[in-house]
Each structure stands twice: as C-alpha cells, then as structure tokens.
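Counting with the numbering used here, you get residues 3 to 198 for the letters of the sequence shown.
Think of the CB as a built atom: it goes at the ideal place given N, C-alpha and C, for glycine as much as any other residue.
None of these values were measured; they are calculated from a predicted model.
Here the structure is laid out as structure tokens; the discussion comes afterwards.
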Amino acid sequence: MTQSKKIAVTGGIGSGKSFVCTLLREYGYAVFSCDEISRTLWRNAEYCAALGKLFPDCTENGRISKELLSKKVFSDRGALARLNDFSHPRIMRTLIGEMEKAGGISFAEVPLLFEGGYESLFDEVIAVRRDASARIAAVSARDGLSPEEVTARMREQFPPERLSEKTCHIIENNGDREALSRQPGIILKQILPQSS
C-alpha cells in the first residue's frame, strides 16, 4: 500500500523555505504552496469583492488594492487578524484538498503554519530557521522593502527561537546554499526512513 503523508514546510519571511521546497520538487515530490493558492484566489472576482467589502478603505476604483491592503494590515493588528480570519481558512481548504488529491507523500509551503494553528493538519512539519539580519537583508533585496517594513512583518510571525518547543524538524539556514541543499535529504531520512 502506498504511504500517504502530508508534510508542511514553514519558516519566517526570508528564512529559505521556498528554496527548500524547490529542492523537494527536484527530489520528485509533489509540492504545493499557500502563496500560489493565494495568488489564484486574488484572480477570483468573488473573493476580491468579499475582501473589498471587508476593507472598503483599501479599494481603488471599486477594486481591492493589494498595496493599500498590505500597508493597512502591517500597521494595524486588528486589520491583519481580520484578513487572516478571512483568507487563511479558504487557502488551507484548497491546499488540503489538493494534497489529498495528489495522494502519496506531498509537501506544502505554509508560511503562517503555527500562527494559524494549522500544524495538526499535517503528519510532519519541517521548519526553516535563519538569523534575523540575514532574513532582513534577503527580503529587502528581493521585495524592495525597507528593513523597517521587513521587521514589521517579522514581528507578526511565530518567533523562530520557539520552534524547538514545537514538534517539528528544524533546518538551520545560516550557511551557504550548498550547506542548505544537504539538509532536506537528511530530514527526509528521519521522516521517511524506509525511503532512504
């Protein structure tokens, strides 16, 4: 009988979780992404209309503005909570449906896994951890955000130092890419010993 496992890959902004997921794809596993699902939902007129009603001050010409919404939620914790309560259940429903359809062993990049309390939906969790200064530099370069803007996003995420308190496999990303590239294979042998 084919083994079935749903495995989450998480970590704070700029931690390197997307690179880890790229490696897992190269190993031949099905890998899904909450961010990709979110982008698909943003192309859904019904979803955007509902967001516009929830955040009427973040609309331009009758349409919800990602830029205005982003500025609002990262300066207003109440607004961020409302957005998460609206979007996260929809994203996770779609994600779990896609993973179940795929069957076998599949992975999902879930940025806000612990923040949303979704870890129980998965059989295993891999968390990628990286020094704050490296994360700030990476995200600033990637997204064109100021260090202050990156730090504001980091403050809303699960503290990396608390990851050891959770039941998860931790990948430390404080070396070069070659060092990081070796770690998923090591973790996979712990999670899937019979496949090694």
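DSSP links residue 13 through a beta bridge to 130. Within the DSSP bridge table, the entry for residue 65 names 62 as partners. Burial is judged here by how many other beta carbons sit within 10 angstroms of a residue's own beta carbon; residue 189 has at least 16 and is buried. Excluding the 5 residues flanking it on each side, residue 75 has same chain C-beta neighbours closer than 6 angstroms at 81, 82 and 85, in chain order. Collapsing the DSSP output to three states places residue 88 in a helix.
A Cβ-Cβ separation of about 7 angstroms places residue 12 in contact with residue 116 under the 8 angstroms criterion. Three or more beta-carbon pairs drawn from the stretch 124 to 134 and the stretch 7 to 22 are found closer than 8 angstroms, and the two stretches are therefore classed as touching. DSSP, read as helix, strand or coil, puts residue 75 in helix. For the 8 angstroms CB-CB criterion, residue 7 and residue 151 do not form a contact. Residue range 107 to 111 is occupied by the beta strand (DSSP E) that includes residue 111.
Within the same chain, 90 come within 6 angstroms of residue 118 by CB-CB distance, once the 5 residues on both sides are set aside. Comparing alpha carbon positions, the residue from 138, 148, 101 and 156 closest to residue 39 is 101. Taking residue 194 as the centre and dropping the five residues before and after it, the same chain places the C-beta of 5, 7 and 107 closer than 8 angstroms to its C-beta, in chain order.
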